[in-house]
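Mapping of the sequence shown onto mature numbering (1 follows the signal peptide of the UniProt record, and there is no 0): residues -31 to -1, 1 to 260, in sequence order.
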Amino acid sequence: MNKIIVMRNTLRTMVASSALLATLVGGAAYAQVDISSINGTTGPWSENKSIWDIDHDIDIDITNDSEIKNDQDIDAETGRNEVEHNTSVSDFTTGDIDGDIYVSNELGGSDFIVSGSDLGFGDVSIDLANGCTGPNSENENIVDIDNDIDLDFRNYVTIHNDLDADLNTGDNEVEHNTVVGDFSTGDIDFSATTENRVNNNLGNLDLGNLVGGNEVSGEMRNTLTGPNSENKNLLDIENDIDLDVTNHTTIHNDTDIDANTGNNEIENNTCVGDISTGSVSIDVSTMNIAN
């Protein structure tokens, strides 16, 4: 009796975790905006105001939530044979078990690309002036520019790998026989490889263009202002960029291998030949890479 069990199991799991490619081009905000505000030839005791309020707000919120479960239960057996109550038994050998398990989990990150012109301020030109204002007049030019960019990236990864292997060529019973030839149990050669690769990084994040190179030019002047007049040119620029990246990776690897070529019962026989149990070779490899 000679049975050979050969296992080849390759499991690959590849997940592109919401690979985001965002490209903003061609005048996304402010590009080539000209502001000209002039209070000229105003009357006595007059109140003149020119107000510009420009708000630019970008809010990007990306959440990647990935969960992978690999559950493998292997039961391979050539043993547990019963050879009993025979007059003559020839050579007896149980089969070999040859197993190879390979599990690969690969998860990629997100790409966020900002290019072109631009997400703020690009090519803004400002000209503010108060000229030839009347006596006792109040003249104001006010420009308020707010650029607010909020980027939130959250990556949650959970991987469960569970391997339970029961490999047996032994547990044989040879009893109450008159003549038994050579008796041997099969070899066990088993390997299990688990690879987890998690990349939570932002593959391409260009923050340089988020401020558009700060190409803001301004000219402010007061000329020929009247007696006792109040003349103001106000320019207020605020640029706020918030980047929040959260990565949370949990990996569970549970490998349980039970290999047996022995635990045989050979008893109450008159004549038995050579007895040998098989060899056991187990190779377990686990690699986790997370960044």
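Here a beta-carbon is modelled for each residue, glycine too, at the ideal position from N, C-alpha and C. Quick caveat, the model's predicted, so the values are computed rather than measured.
Residue i - partner residues in DSSP beta bridges
i, result
"Gly187", "Ile95"
"Thr218", "Val126"
"His25", "Asn116"
"Gly9", "Gly100"
"Thr163", "Val72, Thr255"
"Leu204", "Val112"
CB contact below 8 angstroms: residue i versus chain B
i, result
"Ser198", "Reference to chain B is not applicable here, since this structure consists of a single protein chain."
Neighbour-count burial assignment, residue i, 16 or more Cβ in a 10 Å radius
i, result
"Ile114", "buried"
"Thr230", "buried"
"Asn197", "exposed"
"Asn237", "exposed"
"Leu120", "buried"
"Asn232", "exposed"
"Asp65", "buried"
"Ile20", "exposed"
"Gly9", "exposed"
"Thr163", "buried"
Residue j beta carbon less than 8 angstroms from that of residue i
i, j, result
"Thr219", "Thr154", "no"
"Val58", "Val149", "yes"
"Ile258", "Asn165", "yes"
"Asn33", "Asn108", "no"
"Leu203", "Asn260", "no"
"Glu234", "His145", "no"
"Asp60", "Asp140", "no"
"Asp156", "Gly242", "no"
"Asp117", "Asp209", "yes"
For residue j and residue i, the rounded distance between their alpha carbons
i, j, result
"Cys101", "Val93", "26 angstroms"
"Thr147", "Asp67", "33 angstroms"
"Ser73", "Val143", "43 angstroms"
"Phe122", "Ile70", "35 angstroms"
"Ile37", "Glu188", "59 angstroms"
"Thr194", "Glu184", "30 angstroms"
"Ser84", "Ser5", "Caution is warranted here: a pLDDT of 47 is assigned to Ser84, below 50, making its placement in the model unreliable, and the coordinate value is therefore given only provisionally. Approximately 28 angstroms between the Cα atoms of the pair."
"Asp131", "Thr138", "23 angstroms"
"Met256", "Val112", "58 angstroms"
"Pro13", "Asn191", "16 angstroms"
"Asp135", "Asp44", "5 angstroms"
Assumed close pair residue i, residue j - CB separation to whole angstroms, cut-off 8 angstroms
i, j, result
"Asn216", "Gly77", "That belief does not hold up - the Cβ atoms of Asn216 and Gly77 are roughly 13 angstroms apart, past 8 angstroms."
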